[in-house]
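First up is the structure itself, then whatever we jot down about it.
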Amino acid sequence: MSEEAAAAGKATREGSSVIANVFEVLKCFTVDEPLLGVTEIAARVGLHKSSVSRILSTLELLEIVERDEESRKFRLGLGLISVAGPLLAGLDIRRLALPFMRELAEETQESVALQVWSGSESVTVEQVPSPQQIKHMAALGTRYSTYESASVQVLESHANPTKARSKATLKELAEQGYLANYGRTSPDEVGVSAPVFDHRGEVVGAIIMLAPRYRVPEERVADLGRATRDCAARISARMGAPGKA
Numbered sequence: 003m004s005e006e007a008a009a010a011g012k013a014t015r016e017g018s019s020v021i022a023n024v025f026e027v028l029k030c031f032t033v034d035e036p037l038l039g040v041t042e043i044a045a046r047v048g049l050h051k052s053s054v055s056r057i058l059s060t061l062e063l064l065e066i067v068e069r070d071e072e073s074r075k076f077r078l079g080l081g082l083i084s085v086a087g088p089l090l091a092g093l094d095i096r097r098l099a100l101p102f103m104r105e106l107a108e109e110t111q112e113s114v115a116l117q118v119w120s121g122s123e124s125v126t127v128e129q130v131p132s133p134q135q136i137k138h139m140a141a142l143g144t145r146y147s148t149y150e151s152a153s154v155q156v157l158e159s160h161a162n163p164t165k166a167r168s169k170a171t172l173k174e175l176a177e178q179g180y181l182a183n184y185g186r187t188s189p190d191e192v193g194v195s196a197p198v199f200d201h202r203g204e205v206v207g208a209i210i211m212l213a214p215r216y217r218v219p220e221e222r223v224a225d226l227g228r229a230t231r232d233c234a235a236r237i238s239a240r241m242g243a244p245g246k247a
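Read left to right, the sequence shown gives residues 3 to 247 (our numbering).
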């Protein structure tokens, strides 16, 4: 190997190492610990404090991190949005949700839909039909406005949390992670729904599993509810929801 090639290889390895260190420093900041000092970060990433200080100084110039006026510790800065913004804007909940919806439909053998809130109605934007001959479906564009509908309860309660009925709904959601509609809107249908959260921790949709009532005895609702809840949680994790990874 020539001296020039060896030097180029060394420079590449050193450059990669620097970039890796920068990412390790940035990954130290979390929702639970948004403020960190140089000593804390150095201990976590295994670098000398002087190295961490140089990294943070450069990131501060780029507004990727900023100092807290009182503690003088660092936190992530608004400059990071210019980097992450295009990614966040390009996140398509339908695209991210579809593989998990297919898994839930395969597991339960029932139809699964993704719904979003329009301001007054729950609207179906994606669907995976049950593989069984007799099925309940929510075709794309289907709208639900009746509050007894499980997805309407999930989405409206988060959109309007101060409403009296929303408070009760949110309490039930917090306790079990899903809501069930056992024949309330239609005597022949069962619906089980759970919320999907985005990177800000806000509800951006709801997964709903739909089934003919004759196929779902009441004792099975809890199992389907947990499966729907877990599906929604996995989608939320892919959306970057805090605490959903």
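Beta carbons: idealized from backbone N, C-alpha and C, even for Gly.
None of the values given here were measured: they were computed from a predicted structure.
Going along the chain, which residues of its own chain have a beta-carbon closer than 6 angstroms to the beta-carbon of residue i, five neighbours each way excluded?
| i | result |
| --- | --- |
| L63 | none |
| R231 | G179, Y180 and A196 |
| V156 | L181, S195, P197 and A208 |
| W119 | L157 and A161 |
Determine the extent of the alpha helix (DSSP H) in which residue i is found, giving its start and end residues.
| i | result |
| --- | --- |
| F31 | Careful: F31 lies outside any alpha helix (DSSP H) and carries neither H nor E. |
| G262 | No statement about residue 262 is possible, as the shown extent of the chain runs from 3 to 247 and does not include it. |
| Q155 | A152 to A161 |
| A170 | A166 to Q178 |
| E72 | No alpha helix (DSSP H) holds E72; DSSP gives it neither H nor E. |
| E108 | I95 to T110 |
Near residue i, which residues of its chain fall below 8 angstroms by C-beta distance, leaving aside the five closest residues on each side in sequence?
| i | result |
| --- | --- |
| S19 | none |
| S53 | N23 and A44 |
| R167 | Y149 and S159 |
| E108 | P133 |
Among residues of its own chain, excluding the 5 on either side of residue i, which ones have a beta-carbon nearer than 7 angstroms to its beta-carbon?
| i | result |
| --- | --- |
| Y184 | V192, E220 and V223 |
| R104 | V130 |
| L98 | I237, R240 and M241 |
| Y146 | E123, S124, S153 and V154 |
| L80 | E65 |
| E174 | L181 |
| A234 | A196, P197, V198 and I209 |
| G203 | A243 and P244 |
Would you mind reading off the limits of the beta strand (DSSP E) that contains residue i?
| i | result |
| --- | --- |
| P214 | V205 to P214 |
| Q117 | S113 to W119 |
| P197 | E191 to F199 |
| L49 | Per DSSP, L49 belongs to no beta strand (DSSP E) and is neither H nor E. |
| R186 | From DSSP, R186 is part of no beta strand (DSSP E); its letter is neither H nor E. |
| E128 | S124 to V130 |
Whole angstroms is fine: what's the gap from residue i's alpha carbon to residue j's?
| i | j | result |
| --- | --- | --- |
| V198 | Q134 | 26 angstroms |
| P101 | H138 | 20 angstroms |
| P36 | T164 | 29 angstroms |
| L212 | F31 | 40 angstroms |
| G121 | S188 | 23 angstroms |
| D34 | I136 | 47 angstroms |
| S84 | V218 | 49 angstroms |
| G17 | S73 | At G17 the pLDDT is 49, less than 50, meaning the model places this residue with poor confidence and gives no usable figure here. |
| N162 | L49 | 47 angstroms |
| L142 | I21 | 44 angstroms |
| S151 | A176 | 18 angstroms |
| E128 | L28 | 35 angstroms |
| K51 | K169 | 48 angstroms |
| V206 | L82 | 23 angstroms |
| F76 | Y216 | 58 angstroms |
| L226 | T171 | 19 angstroms |
| A140 | T126 | 7 angstroms |
| P214 | D190 | 6 angstroms |
| V40 | R56 | 10 angstroms |
How many whole angstroms separate the CB atoms of residue i and residue j, which I take to be in contact at a CB cut-off of 8 angstroms?
| i | j | result |
| --- | --- | --- |
| A243 | L106 | Actually they do not touch by this definition, with Cβ atoms about 18 angstroms apart. |
| E26 | V47 | 4 angstroms |
Is residue i close to chain C, meaning its C-beta is less than 8 angstroms from at least one C-beta of that chain?
| i | result |
| --- | --- |
| S151 | In the displayed structure, chain C is absent; only one protein chain is listed. |
Using 8 angstroms as the threshold, is the stretch 104-119 in touch with the stretch 173-190, meaning 3 or more CB pairs across them?
no
Between the stretch 93-102 and the stretch 57-74, can you find at least three pairs of beta-carbon atoms closer than 8 angstroms?
no
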